[in-house]
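**Q** So that you can map any letter, position 8 of the sequence shown is 8 in full-length UniProt numbering, and since no number is skipped, the others follow by simple counting.
The beta-carbon is built from N, C-alpha and C at its ideal position, and this holds for glycine as well.
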Amino acid sequence: MLFKTKLSSARLVYKPKILLSDEATSALDTKSERIVQEALDKVMINRTTVMVTHRLSTERKADTIAVINQGAIVEKENVRGRKPSSW
């Protein structure tokens, strides 16, 4: 599984303007998650990134968090520089 994740992550490195990530680390163990997240952190620099996640560790890296329910944004908050709230 880690190989497939690394391969998918390698495809992202070709300097996209917008990066989309849907639960990129959800099927990984803690060590593998850290490796993939560090790679994603580097790729996300100076790019608009849209991430689907349920992990608080990923949410903490966000500038803006949007809560989506049945395909509609039901809550949106700029969280840059603030401590995580009770999402």
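Can you give me the start and stop residues for the alpha helix (DSSP H) that serine 32 sits inside?
**A** Residues 30 to 44.
**Q** By DSSP's criteria, leucine 56 is part of a beta bridge. Which residues make up the other side?
**A** Bridge partners of leucine 56: none, in fact.
**Q** So, with DSSP's three-state summary, where would you put valine 79?
**A** Of the three classes helix, strand and coil, the one that applies to valine 79 here is coil, per DSSP.
**Q** Could you spell out where the beta strand (DSSP E) holding serine 21 opens and where it closes?
**A** Residues 18 to 22.
**Q** Starting from threonine 25 and walking both ways along the beta strand (DSSP E), at which residues does that stretch end?
**A** It is not in any beta strand (DSSP E) - threonine 25 carries neither H nor E in the DSSP assignment.
**Q** Hey, is the region 60 to 68 in contact with the region 23 to 34, meaning 3+ C-beta pairs nearer than 8 Å?
**A** No, the region 60 to 68 does not touch the region 23 to 34.
**Q** Who pairs with valine 67 in a beta bridge, going by DSSP?
**A** Looking at the DSSP assignment, valine 67 forms a beta bridge with Glu75.
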